[in-house]
Amino acid sequence: MIKSLKATGHQLASSAFQLTVLRQEVVEVLHLPPFHQKMREVGLFPLRPVAPAVLQINVGKMCNQVCRHCHVDAGPDRQEIMTRETMQLCLNALAQTDIPTVDLTGGAPEMNPNFRWFVEEISKLGRKVLVRCNLTIIVANKKYHDLPEFFKKHGVEVVSSLPFYSADKTDRQRGAGVFDDSIKALRMLNAVGYGQEGSGLVLNLVYNPAGAFMPGPQAALQRQFKQALAKDFSIVFNELFAITNIPVSRFLDFLIESKNYAGYLEKLVTAFNPAAAAGVMCRNTISVGWDGGLYDCDFNQMLDLHVASTSQHIRDFDAAALAERTIVVNQHCYGCTAGAGSSCGGTVA
Amino acid sequence: METYYDPADLKKFGTIGEFQKEFADRFFAYYGAVFAEGALTAREKSLIALAVAHAVPCPYCIDAYTADTLEKGCTEQEMMEAVHVAAAIRGGATLVHGVQMMNKVKELSM
Chain A
47 MIKSLKATGH QLASSAFQLT VLRQEVVEVL HLPPFHQKMR EVGLFPLRPV APAVLQINVG
107 KMCNQVCRHC HVDAGPDRQE IMTRETMQLC LNALAQTDIP TVDLTGGAPE MNPNFRWFVE
167 EISKLGRKVL VRCNLTIIVA NKKYHDLPEF FKKHGVEVVS SLPFYSADKT DRQRGAGVFD
227 DSIKALRMLN AVGYGQEGSG LVLNLVYNPA GAFMPGPQAA LQRQFKQALA KDFSIVFNEL
287 FAITNIPVSR FLDFLIESKN YAGYLEKLVT AFNPAAAAGV MCRNTISVGW DGGLYDCDFN
347 QMLDLHVAST SQHIRDFDAA ALAERTIVVN QHCYGCTAGA GSSCGGTVA
Chain B
73 METYYDPADL KKFGTIGEFQ KEFADRFFAY YGAVFAEGAL TAREKSLIAL AVAHAVPCPY
133 CIDAYTADTL EKGCTEQEMM EAVHVAAAIR GGATLVHGVQ MMNKVKELSM
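In structure tokens:
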């Protein structure tokens, strides 16, 4: 099994080093405007939040996969896991607000030993739960085989990565055998009703390019995925979210190693779209790290860019203070503002 | 090493308007319209462009439409089959002239 950048002691495991590398390339090598300047040109700097619609909680970096593009640098060797106490703090914060959706991510969130309890407690608060499930976890071990039933019981919306509808591209990005296991898991989800018309059980897929290129139009990709998965595997799903790979962590490592770094960054900056910039997800999201730290998004979280607010930790959650914050931006944000834009829910423009 | 083709020139394509703006503007507007979704999908058009890029052959176009077909979710098999279509037409175009050669042989020979 491939190790995480952290486990190998790679320079890019350091968030400070990543931010330096990004700034050097964009500003000093490519002589392109820094992100905040580009946002100022279109009247979006400082970037301010709107009413929070999503509390995205990263419950840990442990994962059964080691994907080549992972911005979390997740893997089996990562030990950072949210404790039940921190989960309780999240529930306390949630109860103070009317944030309608809780988005659980990781790593593989299901590997957190308190995952099921957490889902149950969030459901009791009447909030929609969305789980970013990597699919293979469902078939990785017998104890996870009943996850589709568990998801169904709590009306969980399942969002799963499937970078392509064939094994070659999927396995190159996510590891050998991942495609076949993903198909098995998708069939298990379909079998309990997920993705089936009229079931009310939502199964959305995430497409992200298996390489140094941007995603094409989401609607066209969704048509292709629906057609291919139905024809080849009799699999159905609701929507496809096309997501741009953000130049952070392992994807940044891939870009540098494959000598695609400059070309990719230039492409993102050139494709800057003001409409996408206005709709970035950090404006309506609050992100919680495994240790309870608060961030504007999951990417900022991995770069240790905490929220610019007096409310820095979930134990001190203060919705009013957070509403007054300025969103922290850096060069990686060009990934969310390129072309049709990118968010955890797909394109935004 | 200096070569006639510089990959960096591809992104300067838009600057051709500096010498003749009106025609460049018309060309790029036409180009955009051609590649939009129509009776053919943008994906199908991209595969055609990839094949034509190889038939022309234009290294700028090959780079551009390799990236474009990948972005549009084409498989590597589809991309290579498109190149084979170009190769078959180019090969066929050469070979069909063999008939002209055969006609001439027959005309000249006893």
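Order-wise, the sequence lines are chains A and B.
The numbering of the first sequence is our numbering, which starts it at 47 and goes up by one.
The numbering of the second sequence is our numbering, which starts it at 73 and goes up by one.
Each residue gets a CB set at the ideal place from its N, CA and C atoms; glycine is no exception.
Candidates the options, of which the one nearest residue i by Cα
{"i": "proline 261 (chain A)", "options": "A:Leu275, A:Ala317, A:Ser169", "result": "A:Ala317"}
{"i": "asparagine 291 (chain A)", "options": "A:Ser207, A:Leu247, A:Ser245, A:Tyr211", "result": "A:Ser207"}
{"i": "asparagine 180 (chain A)", "options": "A:Ser304, A:Leu93, A:Asn110", "result": "A:Asn110"}
{"i": "leucine 249 (chain A)", "options": "A:Ala265, A:Lys272, A:Ser304", "result": "A:Lys272"}
{"i": "aspartate 226 (chain A)", "options": "A:Val175, A:Thr331, A:Ser212", "result": "A:Ser212"}
{"i": "lysine 49 (chain A)", "options": "A:Leu90, A:Ala99, A:Leu93, A:Arg114", "result": "A:Arg114"}
{"i": "valine 252 (chain A)", "options": "A:Glu126, A:Phe210, A:Lys215", "result": "A:Phe210"}
{"i": "alanine 265 (chain A)", "options": "A:Ala395, A:Phe81, A:Leu101, A:Val118", "result": "A:Ala395"}
{"i": "phenylalanine 91 (chain A)", "options": "A:Ala365, A:Ala323, A:Val334", "result": "A:Ala323"}
{"i": "leucine 59 (chain A)", "options": "A:Thr331, A:Val294, A:Phe197", "result": "Going by the sequence as given, residue 59 (chain A) is alanine instead of leucine. Of A:Thr331, A:Val294, A:Phe197, the residue nearest in Cα terms is A:Val294."}
{"i": "glutamate 34 (chain A)", "options": "A:Pro80, A:Arg130, A:Lys189", "result": "Residue 34 (chain A) lies beyond the residue range present for chain A, which begins at 47 and ends at 395; the question has no answer from this structure."}
{"i": "proline 146 (chain A)", "options": "A:Val177, A:Phe161, A:Val100, A:Asn104", "result": "A:Val100"}
{"i": "leucine 368 (chain A)", "options": "A:Tyr341, A:Ile289, A:Met234, A:Gln270", "result": "A:Tyr341"}
{"i": "glycine 152 (chain A)", "options": "A:Phe300, A:Val374, A:Thr54, A:Val205", "result": "A:Val205"}
Classification of residue i by the beta-carbon crowding that lies within 10 angstroms, buried from 16 upward
{"i": "asparagine 138 (chain A)", "result": "exposed"}
{"i": "glutamine 64 (chain A)", "result": "buried"}
{"i": "methionine 157 (chain A)", "result": "buried"}
{"i": "asparagine 236 (chain A)", "result": "buried"}
{"i": "arginine 94 (chain A)", "result": "exposed"}
{"i": "alanine 97 (chain A)", "result": "exposed"}
{"i": "alanine 154 (chain B)", "result": "buried"}
{"i": "arginine 173 (chain A)", "result": "buried"}
{"i": "alanine 240 (chain A)", "result": "One detail in the question is off: residue 240 (chain A) reads as tyrosine in this sequence, not alanine. By the 10 Å Cβ count, tyrosine 240 (chain A) comes out buried."}
{"i": "tryptophan 336 (chain A)", "result": "buried"}
{"i": "serine 333 (chain A)", "result": "buried"}
{"i": "glutamate 370 (chain A)", "result": "exposed"}
{"i": "glutamine 92 (chain B)", "result": "exposed"}
{"i": "asparagine 254 (chain A)", "result": "buried"}
{"i": "glycine 163 (chain B)", "result": "exposed"}
Spatial distance of residue i from residue j (CA atoms)
{"i": "valine 171 (chain B)", "j": "arginine 115 (chain B)", "result": "36 Å"}
{"i": "glutamine 347 (chain A)", "j": "lysine 107 (chain A)", "result": "12 Å"}
{"i": "arginine 124 (chain A)", "j": "glutamine 219 (chain A)", "result": "19 Å"}
{"i": "leucine 247 (chain A)", "j": "glutamine 358 (chain A)", "result": "35 Å"}
{"i": "serine 228 (chain A)", "j": "threonine 182 (chain A)", "result": "5 Å"}
{"i": "glycine 385 (chain A)", "j": "asparagine 175 (chain B)", "result": "56 Å"}
{"i": "cysteine 382 (chain A)", "j": "valine 326 (chain A)", "result": "7 Å"}
{"i": "valine 106 (chain B)", "j": "alanine 121 (chain B)", "result": "11 Å"}
{"i": "tryptophan 163 (chain A)", "j": "glutamine 134 (chain A)", "result": "10 Å"}
{"i": "leucine 232 (chain A)", "j": "serine 169 (chain A)", "result": "23 Å"}
{"i": "proline 320 (chain A)", "j": "alanine 365 (chain A)", "result": "27 Å"}
{"i": "aspartate 278 (chain A)", "j": "glutamine 83 (chain A)", "result": "47 Å"}
Those residues which DSSP pairs with residue i across a bridge
{"i": "asparagine 104 (chain A)", "result": "A:Thr151"}
{"i": "glycine 339 (chain A)", "result": "A:His359"}
{"i": "phenylalanine 196 (chain A)", "result": "For phenylalanine 196 (chain A), which the question treats as bridged, DSSP gives no partner whatsoever."}
{"i": "histidine 352 (chain A)", "result": "A:Tyr341"}
{"i": "asparagine 284 (chain A)", "result": "DSSP, once it has assigned bridges, lists no residue as partnering asparagine 284 (chain A)."}
{"i": "asparagine 250 (chain A)", "result": "A:Val205"}
{"i": "valine 374 (chain A)", "result": "Answer by DSSP bridge pairing: none, since valine 374 (chain A) is not bridged."}
{"i": "glycine 392 (chain A)", "result": "A:Ser389"}
{"i": "alanine 384 (chain A)", "result": "A:Phe318"}
{"i": "arginine 178 (chain A)", "result": "A:Val205"}
{"i": "valine 334 (chain A)", "result": "A:Ile103, A:Leu340"}
{"i": "glycine 121 (chain A)", "result": "A:Met108"}
{"i": "isoleucine 145 (chain A)", "result": "Bridge partners of isoleucine 145 (chain A): none, in fact."}
{"i": "isoleucine 127 (chain A)", "result": "A:Gly106"}
- request: With 9 Å as the C-beta to C-beta threshold (strictly closer), list the residues of the stretch 264-275 of chain A near chain B in chain order.
  value: Within the stretch 264-275 of chain A, the residues whose Cβ lies closer than 9 Å to some Cβ of chain B are Ala266, Leu267, Arg269, Gln270, Phe271, listed in chain order.
message: Against chain A, which members of the stretch 124-150 of chain B pass a CB distance test of less than 7 Å?
response: Listed in sequence order: Ala139, Leu142, Glu143, Lys144, Gly145, Thr147.
field: Residues of the stretch 106-123 of chain B with Cβ closer than 9 Å to any Cβ of chain A, in chain order
entry: Across the stretch 106-123 of chain B, CB contacts with chain A closer than 9 Å involve Glu109, Thr113, Ala114, Arg115, Ser118, in sequence order along the chain.
message: Counting only Cβ-Cβ distances shorter than 9 Å, please list the residues of the stretch 212-223 of chain A near chain B, keeping chain order.
response: Listed in sequence order: Ser212, Asp214, Lys215.
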